[in-house]
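Number of protein chains: 2
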Amino acid sequence: MADAQPFRRLCLVGIGLIASSIARAAREHGLAETIVCASPDPAHRAEALALGLADEAFASNAEAVRGADLVILCTPVGVMGAVAREISGDLDEGAILSDVGSVKQGVIDAVAPHLPDHVRFVPAHPIAGTENSGPAAGFASLFRGRWLVITPNGLSDDQSVARLTAFWTAMGAEVEVMDAGHHDQVLAITSHIPHLIAYNIVGTADDLETVTKSEVIKFSAAGFRDFTRIAASDPTMWRDVFLNNREAVLEMLARFSEDLTALQRAIRWGDGETLFQLFTRTRAIRRAIIDAGQDSAAPNFGRDVDGAGDD
Amino acid sequence: MADAQPFRRLCLVGIGLIASSIARAAREHGLAETIVCASPDPAHRAEALALGLADEAFASNAEAVRGADLVILCTPVGVMGAVAREISGDLDEGAILSDVGSVKQGVIDAVAPHLPDHVRFVPAHPIAGTENSGPAAGFASLFRGRWLVITPNGLSDDQSVARLTAFWTAMGAEVEVMDAGHHDQVLAITSHIPHLIAYNIVGTADDLETVTKSEVIKFSAAGFRDFTRIAASDPTMWRDVFLNNREAVLEMLARFSEDLTALQRAIRWGDGETLFQLFTRTRAIRRAIIDAGQDSAAPNFGRDVDGAGDD
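This is the structure in structure tokens:
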């Protein structure tokens with residue numbers, strides 16, 4: 001749709017699920033003349049070259065960013081500050097620096113202080129992903145129909161926001177501009193808390209003595225298996241999310257726990273009406289998500305209408 | 001596989017997702033000469049006849065069970081005791097009475113006292129389902145590759161357990177025999193607690209003031225949407241599950257909350273190591289569930305590799 005002006009040289013710092021999906025989509029849509037990447041892991045660099053994701057792969061972040069007019073930080077958010085310090089002296093005059101971190105205010109606080117005046121910083125977050133990690137896990141359609149949130153700040157300008165918007169729009173994303181702090185609150189409830197409680201229940205189940213691990217696995221189709229998918233997400237990425245969005249996560253978690261205590265009390269005292277009312281209200285939200293095109297309406301996400309997850 | 005001896009007359013009390021799937025599968029595999037159902041809802045009775053699920057549909061449970069050699073209670077567990085009282089005088093000599101309730105000890109306690117001596121009671125629970133409800137939601141392959149737990153008790157005998165096992169095996173299920181109390185503990189962690197926390201987080205999100213409902217819906221692909229699927233399950237069924245498996249649910253919930261408090265503390269104090277260790281451990285469980293054939297290995301359950309949940 002958008003007639004995005006191609007970038008001359010796109011540099012992806014990190015080459016995991018998101019970066020490799022950007023590389024594939026940017027190639028598919030002709031959004032960059034040259035794509036380079038940086039990774040400390042020789043196996044990932046070799047994979048990126050073998051898969052044709054990047055024309056050049058660097059061990060050094062500073063070397064990688066030289067000459068790039070778009071640099072996207074695709075590392076866990078916990079190291080973005082250190083990366084910014086590393087590359088600040090090598091960023092081209094007029095380059096746009098962006099990122100894909102799941103936390104925005106923490107990234108701005110960590111990155112901005114290191115940047116020279118001649119660079120535009122446009123933080124962004126694609127609301128897309130899977131439970132898989134690594135260069136081979138990406139695919140070009142990952143962002144299609146998904147949201148991309150841009151959180152401009154003192155180091156962005158209208159032109160750089162517009163160029164990044166065109167870049168993501170061309171890859172199929174829908175772009176929303178938002179305040180960084182608000183982004184972090186929205187994502188705390190739509191993403192960070194769901195991941196935390198999924199990790200938590202899988203851990204709780206793993207620790208039980210009265211129910212064996214093999215029973216948990218065997219009977220997981222009763223609901224538990226949905227949680228294990230989320231709890232299979234990248235550990236480093238998620239550790240950094242929780243450490244860098246602490247305030248919003250703790251606030252939402254307090255509300256979640258308060259509400260759960262009320263349900264616990266309803267169960268203990270046999271208050272069926274409270275349970276029934278909540279369980280009825282939550283159905284409407286599911287309907288709205290399907291109507292908004294943000295999930296499949298197929299039963300069980302369509303994964304096993306035809307049998308036993310053996311697809 | 002099993003050469004299941006067909007039942008002469010199968011009576012399904014209730015005709016929702018599970019009962020209608022049994023009807024379809026039993027027809028497909030020739031497991032009953034006649035199938036009848038009972039439902040207090042005239043629309044459901046009409047639908048059951050129109051869809052060919054049942055040869056006859058009754059408003060009265062007592063009338064429905066007459067002459068049946070297999071009666072399966074497919075109502076919410078909360079009314080199974082009352083249904084048993086209603087039908088006890090009309091059950092055929094030698095009939096097998098079973099059920100599909102998600103709670104087993106509570107059902108045994110509620111049903112057994114009403115049963116005459118000439119009836120065999122074989123409680124069972126198919127670990128299968130979707131978030132949809134009603135006669136039209138069922139499908140014949142729902143039980144294929146899924147587990148069916150039988151919890152024999154003083155009113156079962158080897159022959160009735162064997163016949164019910166053959167019936168479910170013919171529909172594609174794998175049968176496991178278990179003590180009722182143990183079943184209730186296993187299901188508390190693999191099913192009841194996951195449903196409770198899914199309902200809970202969807203409710204928490206719905207109540208927020210700082211994040212709007214439309215934002216929650218828009219950005220749900222970040223993880224939240226997985227929970228909304230579970231939280232769209234039948235409210236009456238789930239209210240009854242929690243009220244009838246109170247002890248096991250409260251015990252597992254206490255452990256879950258304790259573990260969550262430890263994670264909360266790790267986030268507050270920046271203890272990344274605790275987070276990283278849990279997040280690494282939980283990945284292995286996901287792998288084991290996929291290896292056991294209990295879930296799809298496709299990213300995002302395979303629902304949107306090709307785009308935006310618009311499938």
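The listed protein sequences correspond, in order, to chains W and L.
Note that the UniProt record's numbering gives residue 260 to position 260 of the first sequence, counting from 1, and the numbers run on in steps of one.
Note that the UniProt record's numbering gives residue 148 to position 148 of the second sequence, counting from 1, and the numbers run on in steps of one.
Ideal placement from N, C-alpha and C gives every residue a C-beta, glycine not left out.
It should be emphasised that the depicted structure is a prediction, and the values quoted were computed from it without experimental measurement.
Of the residues assessed, D117 of chain W falls on the exposed side of the cut-off, its CB having fewer than 16 other CB atoms within 10 angstroms. L:F121 is the residue among L:G145, L:F121, L:A173 whose C-alpha sits nearest the C-alpha of N153 of chain L.
According to DSSP, A38 of chain W shares a beta bridge with W:V13, W:F58. For the options L:A297, L:L73, L:N61, the alpha carbon positioned closest to that of I18 of chain L is the one of L:L73.
Linking P76 of chain L to A136 of chain W through their CA atoms gives a straight-line distance of about 46 Å.
According to the DSSP assignment, L260 of chain L belongs to the alpha helix (DSSP H) that extends over 246-268.
Following the DSSP letters along the chain, one finds H29 of chain W in no alpha helix (DSSP H), marked with neither H nor E. Linking T210 of chain L to M252 of chain W through their CA atoms gives a straight-line distance of about 11 Å. By the C-beta criterion, the segment 273-285 of chain W is judged not to be in contact with the segment 215-228 of chain W, since fewer than 3 inter-stretch pairs fall below 8 Å.
Beta-carbon to beta-carbon, F276 of chain L and R239 of chain W are separated by about 5 Å, close enough to satisfy the 8 Å threshold. The segment 261-268 of chain W makes no contact with the segment 262-277 of chain L; the number of CB pairs closer than 8 Å stays below 3. DSSP lists W:A124, W:V177 as the beta-bridge partner residues of I150 of chain W. Here the alpha carbon of A166 of chain L sits roughly 10 Å from the alpha carbon of A173 of chain L. Here DSSP, grouped into helix, strand and coil, assigns D206 of chain L to helix.
If you look at I289 of chain L, you'll find it in the alpha helix (DSSP H) that goes 272-291. Annotated as proximal: H192 of chain W and V249 of chain W, with beta-carbon spacing under 8 Å.
Contact residues of the segment 274-294 of chain W toward chain L are L275, F276, L278, F279, T280, R281, T282, R283, I285, R286, A288, I289, A292, G293, Q294 (C-beta to C-beta distance below 7 Å). For V71 of chain L, the enclosing beta strand (DSSP E) stretches over residues 70-73. Three or more Cβ pairs closer than 8 Å define a contact, and the segment 193-202 of chain W falls short of that threshold against the segment 24-41 of chain W.
In the three-state reduction of the DSSP assignment, L97 of chain L falls in the strand class, which pools E and B. Under a 10 Å Cβ-count criterion, R286 of chain L is classified as buried, with 16 or more other Cβ atoms of the shown protein chains found around its own Cβ. Remark: C-beta atoms of T261 of chain W and D259 of chain L do not approach each other more closely than 8 Å. For K104 of chain L, there is no enclosing alpha helix (DSSP H), as DSSP marks it with neither H nor E. For V83 of chain W, none of the residues of chain L pass the 8 Å Cβ criterion, the least Cβ distance being about 18 Å.
The distance from the Cβ of N61 of chain W to that of I87 of chain W is about 5 Å, consistent with a contact at the 8 Å cut-off.
Comparing alpha carbon positions, the residue from W:G52, W:V111, W:R303, W:G293 closest to F139 of chain W is W:G52. Proximity to R146 of chain L across W:A221, W:G78, W:T130, W:G134 peaks at W:A221, based on C-alpha coordinates. For D184 of chain W, the CB contacts under 7 Å within the same chain, skipping 5 residues up- and downstream, are V103, K104, Q105, N245, A248 in chain order. A Cβ of chain L is located within less than 8 Å of the beta carbon of A221 of chain W.
Here DSSP, grouped into helix, strand and coil, assigns R239 of chain W to helix. When only Cα atoms are considered, R229 of chain L and N300 of chain W end up about 8 Å apart.
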